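Asks: Provided herewith is a single structure, encoded as structure tokens, for subsequent inquiry.
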Amino acid sequence: MLAHNQTVPFWPEEKTAKYPSILPLLYRVENNYLDKNWPDNGESQEAVIKQIRSAQKGWVSSFKPKDTIIVTLLVGKYKVTMNVAKSDDNPRLWLGRIYYANNQDRQRMLENGVLLEFGGVRLLTGREFGVGLENTDYRYSSGKYASELLDVINSPWNVEGEEREQNDITEESLSFEEQEMVDVLRCFIDSEYELERIAAQQCMPFQATSITARSERTTYRLHYEVKFDEFDYSRLVETQPTLLEMLNEMREPTDILMEIADLNPVENEPIIHVSIEKQALDSQIPEQALLNVAALPTLKKVRNAVVDSLESETSKNPWLLSLAAGVYDHSPLTPVKVPVPPSKFPPTPSQVKAIDSGAGSDDYTLVLGPPGTGKTTVILQWVKYFAAQGKRVLVTSQNNKAVDNVLERLAEEDDFECLRIGNENKISSCLEDITLDNKAAKLQERMFSSADETLKVLEQQLEHIKGLLVSKDEIIKQLDEADKAQSDHSHYTNTLLELKDNLVEIERDIVLKNNTLEQLSEQIIETQQKEWPIFKSVSRWLNNKKISLINYRINKVNLKTSELKGQRLQLGNTIEETESKITEAHSLMDSIHCQIEGYFEQVTSLVDDINIPGSSGKKVTKFEMESLDELLVKVSSIHTNLTEWFNKLKTERQQALYKILMENVNVVGATCIGINTKALFRELDFDVVIVDESGQIQLHNLIVPLSRANKAILVGDHKQLPPVVSDEVLEEVEAKDFGDYKDLYRLSWFEHLWNGAPEDRKIMLDTQFRCPSMISDFVSEAFYEGKYFAGVGMDKKKPLLSYCPQPMIWIDTTWLQEKAEKATSEDGRAVVQDNVCETELVIALLKTSIKEMPELAENREIGIIVPYANHVKAIQKAIKREQKRGQLSELTMPLNELVASVDSFQGQERDLIIFTFTRSNRQGKVGFLSDWRRLNVAQTRAKKQLVMIGDSQTLTKGADRQNAHDVEFKKAMVLLKSQCHKKGALLQAAQFLPDAKTAQRPKNSTASNNRKNSNVQTSKKTLVSENG
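Residue numbering for the sequence shown follows our numbering, starting at 11 and increasing by one per position.
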């Protein structure tokens, strides 16, 4: 018998496993590990972790979803999941999630788990684990501690531990790598927003001195012109915000948000153009106000919502998270032969391969599209193919301009219907006809075009029905008489048919009787005339008897004959009588038929013009006439409802039509974020997503469009402009212990995938039809490993202008005395302001080029690409000065389109491109020019002529250094200089600036030795080629 203080153990001591030490779990301090459904009144994470740390006994089990191992620990009222992940090929235990345990969890543990005694639970950061346990105990550095735990779980009394079915897995089904990727994405998203919010808070408000309404044709936004003083305007231009919030008198944010449409709409005026949602009334907008930079959580919410769907495995894209986490199991891609109709310019072999692979992929395809290789042509063929299959395609990119470039080409086709959704202020004017609001407005207009006529017809119907009601009883009486006449008509028709049948039978009987009568008559005559020899040989006493018999027969025949004659006479009379009745019946039928037609004509004429009984050509029925009251109510209701609906559509926004329109289009164009900003957009299903310019988009931005379909095609070029990267975000990522993922933020996801995806997922478009071959030959060797080729005819392109010996020239400023850049020092770094020498060369080249070919200015085929923003402004100011003097008046295009940064010119092309390098200094510093991808973009914008201006000495200095951050750029510049020299295209800048002073060059300069052999005659002056 047990003593009062004795207990019976729930689980036998001999079946309690022993773990010889603590359970160390790696975690990140800033992460939230509590279940996403954790109650609001539940314990804090800190309190829960404290309780878990104190535990020394608990139930453990393991299972293997998706080729990973997850361990579950049950301690007290909590269930803790742990991910087994490898670091340097050694297993480690990472904290996964913390839940409240339920009865089902406890039941599973009894069935599949093991009770474990251990030395407590210890939560450590990666750094604490490395410095503490790994350096002091081999069990931890080798990962043996994790292996021992798994051995215990899989001990003989828990043989079922690792054999649990996938169906048993609920919220813990993500692998460690996938859960880690979810945390990484949230880190990127939250860090960006937090830094943006802090920057907005630290920014001083801007005083708007004038806010006036503008007339602008958009459906649901109000437009304003906002004026500032010079100081605030210069701060705005420097800050480059996209959104401003209006502050009240207490300097508190209001609900009025101004989206900046144009920071420089009027030259030399401190004015910006903004738009506001129409939810804000015009009367709410003051004439003056304080404005502040706004940091809205919209982007954060949109992205995090997608991350949530990935974590809960509810995303439409089944492979996105596992691919990002590096655990996706690829299956072979089988291309589909897509029929391409014959054309003057058939697709190249690489384009055909891209088209077929993109169509055949079940998950994703990467298409590397260097400049001028026909990306849009390939996209068009994909869209045609998918649309023909009844699929809906989302065409997207990071910015509106890239989306518009593709949609402008697709919208020309008749094979499918395109729709552009997004902010009207940021959509190209060429696409106005296919924006959601304009399409809805056109549909609305078509509906209204017949609205008045429809209402007029309904009103006429109402009047006719009311008129019918007045004559309702008379019409019903006529219909009854018509029914009776119809019944009589049917009776006489049947009688006539019977008489006709009787007449035929009687006539047949008369013929038979006549035939019999004739036969009898012949027999009488024959009998009377015949001599009977027998009478001569018999006794006389028989004579009288025989004669009597014969006379009897003759009398009988005569009687029969008389009878038949009487019948025949009677039948003749019957026939005459019957024929008379038939004639009478026909006459009566004709009369009744005319009477019926008359009735129907009389009734139908009353309703001839309306869509009610009789109007469709059918006969009016008595039932319809008796239902006239009900019909009047019904038509009145239709008229009332239509009137209200038409009036409502005329006075309200046509958003009611949005869903109808969106459901009936094949192609939708939107930015990566824009496609998820409104609930209406989020409800639209897609079959395929095509992402253009994906070489500029990081993963946490790409997940939004990629989550909308189970098939994706990424088109991009990671050898052109990279994504915009914030150093502050990188620091934040490092501080949150995600330093291993900095490259995932720094680089585009396209580049990440390109470096690791199977070869059948990667296709490069390798033939360009834009630039002269001299340009693409250099670009191919410098940036594309010699795999970028000039198309047919590109080698035949000649120099555009007389001062250009080749389609690509380099005007070298090395030997000018006043060639150096102008820079100021800010926070210990040089900020480039201008390069006066190069600015003067740009002006000189513009004058010479326009004088020789004025159509370049007229057709807006000149582009000046400048890498530094301050130098862009300096050149723009120089052009303005010349125009004030009456020079360069041919340049009518906006200066911000003529002169712009490399980034602004991405996706554009011009006949003449002038590119200035800006940098010129003794140290050979090139700043962010070291990212050679900007050079690739700048050079390949030229369709006919590329003119480069720069100091070759600065740009090539130090090319032989090892591991320098700018060595790739410097090597490319050495190659460029060499190729230009070989082609006689390296020219002296002094030849364009006659008044410029030149420096003394060494006597052994190869340039001076070869000068005589490289003279190029121009229209005004001789330009000398340089060889050094």
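Built from N, CA and C at the ideal position, the CB exists for glycine as well. Just so you know, these numbers come straight off a predicted model, no measurement behind them.
1) Residue 710: buried (16+ other C-beta within 10 angstroms of its C-beta) or exposed?
2) Who pairs with residue 839 in a beta bridge, going by DSSP?
3) Does any C-beta atom of chain D lie closer than 8 Å to the C-beta of residue 913?
4) Can you check whether the CB of residue 677 is closer than 8 Å to the CB of residue 426?
5) Out of 262, 367, 748, 190, which one is the CA nearest neighbour of residue 103?
6) Could you tell me whether the segment 756 to 775 touches the segment 948 to 967, where touching means 3 or more Cβ pairs closer than 8 Å?
7) Find out if the Cβ-Cβ distance for the pair residue 732, residue 685 is shorter than 8 Å.
8) Quick check on residue 532: buried or exposed, where buried means 16 or more other Cβ atoms within 10 Å of its Cβ?
9) Would you say residue 133 and residue 59 are within 8 Å of each other, going by their C-beta atoms?
10) Report the residue from 224, 851, 753, 107 whose alpha carbon sits nearest the alpha carbon of residue 1006.
11) Alpha carbon to alpha carbon, what distance is there between residue 330 and residue 184?
12) Leaving out the 5 sequence neighbours to the left and right, which residues in its chain are closer than 6 Å to residue 870 when beta-carbon positions are compared?
13) Across which residues does DSSP place residue 798 in a beta bridge pair?
14) Please go through the segment 226 to 277 and give each complete alpha helix (DSSP H) segment of 4 or more residues, from N-terminal end onward.
15) Taking the alpha carbon of residue 94 as the point to measure from, which residue in 87, 718, 83 has its own alpha carbon closest?
16) Please state whether DSSP places residue 316 in a helix, a strand or coil.
17) Count the other CB atoms, across all protein chains shown, that sit within 10 Å of the CB of residue 117; report buried if there are 16 or more and exposed otherwise.
18) Buried or exposed: residue 293, going by 16 or more other Cβ atoms within 10 Å of its Cβ?
19) Would residue 719 pass as a contact of residue 697 if the rule is Cβ separation under 8 Å?
20) In whole angstroms, what is the alpha-carbon distance linking residue 341 and residue 375?
21) According to DSSP, simplified to helix, strand and coil, what is residue 763?
22) Of all the options 693, 240, 70, which has the alpha carbon lying nearest to the alpha carbon of residue 85?
23) Tell me whether residue 296 sits in a helix, a strand or coil according to DSSP, three-state version.
24) For the segment 820 to 903, list the alpha helix (DSSP H) runs that are entirely contained and at least 4 residues long, ordered along the chain.
25) Is it buried or exposed for residue 700, if we count other Cβ within 10 angstroms and need 16 for buried?
26) Taking the alpha carbon of residue 762 as the point to measure from, which residue in 357, 780, 728, 231 has its own alpha carbon closest?
27) Does DSSP put residue 494 in a helix, a strand or coil?
28) Hey, could you find the ends of the alpha helix (DSSP H) residue 975 is sitting in?
29) Hey, how far is the Cα of residue 207 from the Cα of residue 305?
30) Would you identify the three-state DSSP class for residue 927, choosing helix, strand or coil?
31) Please determine if the segment 931 to 950 and the segment 891 to 898 are in contact, where contact requires at least 3 C-beta pairs separated by less than 8 Å.
32) So is residue 56 buried or exposed if we call it buried at 16+ other beta carbons inside 10 Å?
33) On the premise that residue 275 lies in contact with residue 286, defined as a C-beta separation below 8 Å, what is that separation, rounded to the nearest angstrom?
34) With a CB to CB cut of under 7 Å and the five nearest residues on each side skipped, what residues in its chain are close to residue 837?
35) With distance defined between alpha-carbon atoms, name the residue in 67, 46, 62 nearest to residue 30.
36) Runs of 4 residues minimum, wholly inside the segment 107 to 163: which ones carry the alpha helix (DSSP H) assignment?
Replies: Considering the structure as presented:
1) Here residue 710 corresponds to residue number 700 of the sequence shown, with the count starting at 1. That one is buried.
2) Here residue 839 is taken as the residue at index 829 of the sequence shown, counted from 1. In the DSSP output, where bridge partners are listed per residue, residue 839 has 836.
3) Absent from the structure: chain D. Only one protein chain is present.
4) If you number the sequence shown from 1, residue 426 lands on position 416. If you number the sequence shown from 1, residue 677 lands on position 667. It is a contact, given that the beta carbons lie within the stated cut-off.
5) Walking along the sequence shown from the start, residue 103 turns up at place 93. With distances taken between Cα atoms, residue 103 lies closest to 190.
6) no
7) Sequence index remark: in the sequence shown, residue 732 carries index 722 (1-based). Sequence index remark: in the sequence shown, residue 685 carries index 675 (1-based). Cβ distance not < 8 Å, so residue 732 and residue 685 don't count as in contact.
8) Locating residue 532 in the sequence shown gives position 522, where the first residue counts as 1. Exposed, since its Cβ has fewer than 16 Cβ neighbours within 10 Å.
9) Here residue 133 corresponds to residue number 123 of the sequence shown, with the count starting at 1. Here residue 59 corresponds to residue number 49 of the sequence shown, with the count starting at 1. Going by C-beta atoms, residue 133 is nearer than 8 Å to residue 59.
10) Working through the sequence shown from its first residue, we reach residue 1006 at position 996. Among 224, 851, 753, 107, the Cα nearest to that of residue 1006 belongs to 851.
11) Position 174 of the sequence shown, counted from the first residue, corresponds to residue 184. Position 320 of the sequence shown, counted from the first residue, corresponds to residue 330. In a straight line, the C-alpha of residue 184 is about 13 Å away from that of residue 330.
12) Counting from 1 along the sequence shown, the entry for residue 870 is found at position 860. Same-chain partners within the cutoff: 903.
13) To locate residue 798, count along the sequence shown from 1; it is residue 788. Bridge partners of residue 798: none, in fact.
14) 240 to 249
15) Here residue 94 is taken as the residue at index 84 of the sequence shown, counted from 1. Selected option, being the one with the closest Cα: 83.
16) Along the sequence shown, one-based indexing puts residue 316 at 306. Looking at residue 316 - three-state DSSP - the assignment turns out to be helix.
17) In the sequence shown, counting from the first residue as 1, residue 117 sits at position 107. The residue in question, residue 117, is exposed, as its Cβ has fewer than 16 Cβ neighbours within 10 Å.
18) For the purposes of this step, residue 293 is identified with residue 283 of the sequence shown, where counting begins at 1. With fewer than 16 Cβ atoms within 10 Å of its Cβ, residue 293 is classed as exposed.
19) As a position in the sequence shown, residue 719 is number 709, starting the count at 1. As a position in the sequence shown, residue 697 is number 687, starting the count at 1. Yes, these two residues count as a Cβ contact at 8 Å.
20) The residue labelled residue 341 in the question sits at position 331 within the sequence shown. The residue labelled residue 375 in the question sits at position 365 within the sequence shown. Computed Cα separation, rounded: 12 Å.
21) One-based indexing of the sequence shown puts residue 763 at position 753. Three-state result, residue 763: helix.
22) On the sequence shown, residue 85 is found 75 positions in, with the first residue counted as 1. Out of 693, 240, 70, 70 has the C-alpha closest to the C-alpha of residue 85.
23) Here residue 296 corresponds to residue number 286 of the sequence shown, with the count starting at 1. Here residue 296 sits in coil by DSSP.
24) 846 to 862, 865 to 868, 879 to 894
25) Residue mapping note: residue 700 aligns to position 690 of the sequence shown, counting from 1. By the neighbour-count rule (16 or more Cβ atoms within 10 Å), residue 700 is buried.
26) As a first step, residue 762 is located in the sequence shown; it is residue number 752 there, counting from the start. The option with the nearest alpha carbon to residue 762 is 728.
27) For the purposes of this step, residue 494 is identified with residue 484 of the sequence shown, where counting begins at 1. Helix.
28) One-based indexing of the sequence shown puts residue 975 at position 965. No alpha helix (DSSP H) holds residue 975; DSSP gives it neither H nor E.
29) If you number the sequence shown from 1, residue 207 lands on position 197. If you number the sequence shown from 1, residue 305 lands on position 295. Using only the alpha carbons, I get a separation of about 5 Å.
30) Here residue 927 refers to the residue found at position 917 of the sequence shown. Note: residue 927 maps to coil in three-state DSSP.
31) no
32) In the sequence shown, residue 56 corresponds to position 46, counting from 1. Classification for residue 56: exposed.
33) Counted from its first residue, the sequence shown places residue 286 at position 276. Counted from its first residue, the sequence shown places residue 275 at position 265. Rounded, the Cβ-Cβ distance is 16 Å, inconsistent with contact.
34) What you label residue 837 is simply residue 827 of the sequence shown in a count that begins at 1. Excluding sequence neighbours, residue 837 sits near nothing in its chain.
35) Translated into the one-based positions of the sequence shown, residue 30 becomes position 20. Nearest option by C-alpha distance: 67.
36) 113 to 122, 136 to 139, 148 to 151, 154 to 163
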